[in-house]
Amino acid sequence: MNIHNYLHEHFPGLTLEPPLFYSWPTGLRFEIAKPGSEHLDTDNLEQMGERTTSLFKAVFEKDDDVILLTDLLGLSDSSLPKTNIFLKYIKDKDVRKKLRVERLDTRFDEEETVTHRFSLQCKAFDIRYRPLLMAICHEDFKHPTRILKNRWNIGIDIYIVNITRHLIYHLYDDRGCDIISAEKDTILPLYHSASPWILEYDREQIDEVFLKEETV
1 MNIHNYLHEH FPGLTLEPPL FYSWPTGLRF EIAKPGSEHL DTDNLEQMGE RTTSLFKAVF
61 EKDDDVILLT DLLGLSDSSL PKTNIFLKYI KDKDVRKKLR VERLDTRFDE EETVTHRFSL
121 QCKAFDIRYR PLLMAICHED FKHPTRILKN RWNIGIDIYI VNITRHLIYH LYDDRGCDII
181 SAEKDTILPL YHSASPWILE YDREQIDEVF LKEETV
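Each residue of the sequence shown is one higher than the last, beginning at 1 in full-length UniProt numbering.
This is how it looks when you write it as structure tokens:
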């Protein structure tokens, strides 16, 4: 499935870039890491692991059709970048053969840079999501699982698009995770079950959306 056509149909007007939460009317924003904690503190690592995987399992069933998207940002146009994301975090080599890549118009118009988007349609069970989500949490730190290794001059955004349930999961870094959906009812149960994890800064805005009809 072409991601541009999919977004046009189910998320019209949405530009797939952070922050997703502020770009779409029905979404949730969750706090992932412990505020003020050292990144590698045991308690912090446990919380990051628990929250990222619990949120993923709440909105993805094993047989859901998904598109795993990776944007590499701030690259020169001279060569196609390499990424080990799909080799490392997609289980089946035959599934990996479906990988597509395209060049997008740069977000940084004042600089001669481009964005390369890698996309792969698969099933949710094809993704080694636990280690992938923890690798994303470590991306801003010098950690062995860092996806971009020593390439600190480029950025990365990873989106997991559930084309069965019409929602998008974006763990933007260790601080937080955005989940948006085409229909509010899709993530209404998650709003209730994971309410303690909602980022307090955005709670009032989220409550206005998800409590609107319930209080009528």
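Glycine is no exception: its CB is placed at the ideal position from the N, C-alpha and C atoms.
Output yes or no for whether 9 Å exceeds the beta carbon distance between R130 and G49.
-> yes
Short Cβ contact (9 Å threshold) for G155 with F30 | no
DSSP three-state call for R128: helix, strand or coil?
-> coil
Under 6 Å Cβ to Cβ from H170, same chain only, skipping five residues before and after it: list those, please.
-> L20, Y159 and D178
Under 9 Å, do L16 and D71 count as touching if we go by C-beta distance?
-> yes
With C-beta atoms as the reference, is S181 less than 9 Å away from T53?
-> no
CA-CA distance, K57 and S195?
-> 16 Å
Contact set for A135: own chain, Cβ-Cβ below 6 Å, skip 5 residues either direction | T145 and I147
Hey, out of E200, N153 and L211, whose CA is closest to K184's CA?
-> L211
Candidates R128, K62 and F118: which alpha carbon is nearest Y89's?
-> R128
Distance, D173 Cα to P18 Cα = 11 Å
Along the chain, where does the beta strand (DSSP E) that runs through R165 open and close?
-> Run containing R165: none; DSSP gives neither H nor E here.
So, T164 versus V66, is the Cβ gap smaller than 9 Å?
-> yes
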